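Adding 1 to a residue's 1-based position in the sequence shown gives its number in this note's numbering. Idealized CB from N, CA, C, for every residue including glycine. All values derive from a computational prediction rather than experimental measurement.
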Amino acid sequence: NEYIYVFVRKDIPIADQIVQVGHVCYESGLRFNAKENTFMVLCQVNSEEELCTTMYRLIEMGVEMHQFIEPDNDLGLTALCSQPVSGKQRHLFRKYKLWS
Numbered sequence: 002n003e004y005i006y007v008f009v010r011k012d013i014p015i016a017d018q019i020v021q022v023g024h025v026c027y028e029s030g031l032r033f034n035a036k037e038n039t040f041m042v043l044c045q046v047n048s049e050e051e052l053c054t055t056m057y058r059l060i061e062m063g064v065e066m067h068q069f070i071e072p073d074n075d076l077g078l079t080a081l082c083s084q085p086v087s088g089k090q091r092h093l094f095r096k097y098k099l100w101s
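The structure is reproduced here in structure tokens:
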């Protein structure tokens with residue numbers, strides 16, 4: 002199975018979190034040609050700074066990331082989505098907190 006890991010900021014309103022996840026999943030699905038049976042794992046970060054740190058850390062480990070920058074309301078970088086990953090590459094994501 003393949004998985005995409007989506008990260009969203011928890012410091013924005015929940016309605017915006019839901020919209021940002023939709024935006025980044027749609028755009029990354031087009032970019033990475035995700036298969037129909039790809040599973041999503043939703044993770045949270047506390048701030049835009051933590052989201053940036055997460056993105057750069059994963060890129061340094063060889064994971065392609067798609068970012069979504071919200072053009073409205075000056076929200077900046079709001080969400081990330083990984084390329085589809087499987088097997089041993091999934092261990093790179095174990096340290097991240099699931100969205101709640």
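Use the C-beta contact count for residue i: other C-beta atoms within 10 angstroms, 16 or more gives buried, fewer gives exposed.
{"i": "Y57", "result": "exposed"}
{"i": "T79", "result": "buried"}
{"i": "I13", "result": "buried"}
In chain order, what residues of the same chain have a beta carbon less than 7 angstroms from the beta carbon of residue i, not counting five sequence neighbours either side?
{"i": "W100", "result": "V9, L43, C44, Q45"}
{"i": "V25", "result": "V7, H67, F69, A80, L81, C82"}
Anyone know if the C-beta pair for residue i and residue j falls short of 8 angstroms?
{"i": "S48", "j": "M66", "result": "no"}
{"i": "P85", "j": "A35", "result": "yes"}
So, with DSSP's three-state summary, where would you put residue i?
{"i": "A16", "result": "helix"}
{"i": "L31", "result": "helix"}
Less than 6 angstroms between C-beta atoms, sequence neighbours within five positions excluded: which residues of the same chain meet that for residue i?
{"i": "S29", "result": "H67, C82"}
{"i": "F94", "result": "Y6"}
| said: To test your reading of the DSSP string, which unbroken alpha helix (DSSP H) runs of 4 or more residues are found completely within the segment 47-73? | reply: Taken in chain order, the complete alpha helix (DSSP H) segments of 4 residues or longer contained in the segment 47-73 are 49-61.
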